[in-house]
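**Student:** One structure follows; several queries about it will come next.
Okay, structure coming up:
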């Protein structure tokens, strides 16, 4: 075997090893990004679930309060409008996570609904008979539990987003992420309504 042929085979072997290594790196990185993104989507689905739970509790809560405070028309109107707005953005695709404006719209609608609920609970302080109603107390307990779950799931979602965003921004993974259309996900921003569950006083 000639010297030139040996050198050629060595070069070919080195090229093949490098190509195989790059391929493994690319595939491994791609799969890791997909796994991280699925973690974000899973966390997002839990956020949607708890928001849906709150959304579903509102009609019963409002109807119970109306039985004792029917003249509080503005509060009921505010709740209805906020719930309608939140309902319009409730069922959103995973693509909203890639669109900061859409994500902000979702968060704003949920925040406004939370604020309206707090106003509703504040007026109940003026109605002792309502506060003593067992159905109302049960609904308050469910609502408080749901608000706490919202805070927990939002935190978990933000943690998943942070892990994902950091991963895809690090070089050279950022190259693979950009090549395959992976984008940074939006975070939930802290606000008074998001971080404070409605006060429940018995």
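Residue numbers (our numbering): 125 to 326.
Quick reminder that beta carbons are idealized off the backbone N, C-alpha and C, glycines included.
(1) For residue 273, does the three-state DSSP call read helix, strand or coil?
(2) Mind checking residue 178: buried by the 16 CB within 10 Å criterion, or exposed?
(3) Whether or not the segment 297-317 and the segment 181-199 are in contact is what I'm after, with contact meaning three or more pairs of Cβ atoms, one per stretch, closer than 8 Å; do they touch?
(4) Given a cut-off of 7 Å on the beta-carbon distance, is the pair residue 237 and residue 206 in contact?
(5) Give the C-beta separation of residue 282 and residue 311 to the nearest angstrom, bearing in mind that I take them to be a contact with Cβ-Cβ under 8 Å.
(6) Return the CA-CA distance between residue 167 and residue 284, expressed in angstroms with no decimal places.
(7) In terms of alpha-carbon separation, which member of 172, 160, 192, 152 lies closest to residue 244?
(8) In this structure, does DSSP put residue 308 in helix, strand or coil?
**Tutor:** According to the structure data:
(1) Judged by DSSP in its simplified three-state form, residue 273 adopts helix.
(2) Burial call: buried.
(3) No: the two stretches stay apart, fewer than three of their Cβ pairs being nearer than 8 Å.
(4) Contact check for residue 237 against residue 206 passes: the beta carbons are separated by less than 7 Å.
(5) 5 Å between Cβ atoms; contact.
(6) Straight-line spacing of the CA atoms in residue 167 and residue 284 works out to 7 Å.
(7) Nearest C-alpha to residue 244: 192.
(8) DSSP, read as helix, strand or coil, puts residue 308 in coil.
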